[in-house]
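Heads up, the thing below is written out as structure tokens.
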Amino acid sequence: MNSAYYRLHVFCCTNQRPETHPRGSCAARGSVKLRDYMKARAKELGLSGTRINSAGCLDRCELGPAVVVYPDGIWYRMESTEDIDAILQEHLRDGNPVERLMLKDDE
Numbered sequence: 010m011n012s013a014y015y016r017l018h019v020f021c022c023t024n025q026r027p028e029t030h031p032r033g034s035c036a037a038r039g040s041v042k043l044r045d046y047m048k049a050r051a052k053e054l055g056l057s058g059t060r061i062n063s064a065g066c067l068d069r070c071e072l073g074p075a076v077v078v079y080p081d082g083i084w085y086r087m088e089s090t091e092d093i094d095a096i097l098q099e100h101l102r103d104g105n106p107v108e109r110l111m112l113k114d115d116e
């Protein structure tokens, strides 16, 4: 497989922990439904060359639901379908990262 098979690869944390876990989890914050929406919406937008996958723990639990876009290495918090639309349209389609949703390196 060519290393450039996908132009962009998006990993959505769908890790589930017990409700009593002190760090919580992205799944407990709705990441599975948000990931499903992202996949369907990307298809609607015709974002070819983009792959959206589930991921295990991305270790940014307290800030989630967490998403990372490669090869850009940009991390996001997605809390709503509006956030996902912004990421898909502004970043994945138009190439402009969505600063208001980005997680900082020190978070």
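All the letters of the sequence shown, read from the start, carry residue numbers 10 to 116 under my numbering. A virtual CB, placed ideally from N, CA and C, is assigned to each residue, including glycine. Values in this document were obtained by computation on a predicted structure and should not be read as measured data.
Check the DSSP bridge columns for residue i and list the partner residues they point to.
{"i": "A75", "result": "R86"}
{"i": "L17", "result": "T59"}
{"i": "M111", "result": "Y85"}
In chain order, what residues of the same chain have a beta carbon less than 7 Å from the beta carbon of residue i, not counting five sequence neighbours either side?
{"i": "Y46", "result": "T90, I93"}
Is residue i near residue j, with beta carbons less than 8 Å apart?
{"i": "V107", "j": "Y85", "result": "yes"}
{"i": "E88", "j": "P74", "result": "yes"}
{"i": "A49", "j": "C21", "result": "no"}
{"i": "H100", "j": "R60", "result": "no"}
{"i": "G33", "j": "E71", "result": "yes"}
{"i": "R102", "j": "L43", "result": "no"}
{"i": "A36", "j": "L97", "result": "no"}
Cutting at 8 Å between CB atoms, please list the residues of its own chain near residue i, excluding the five before and the five after it.
{"i": "I83", "result": "V77, H100, P106, M111"}
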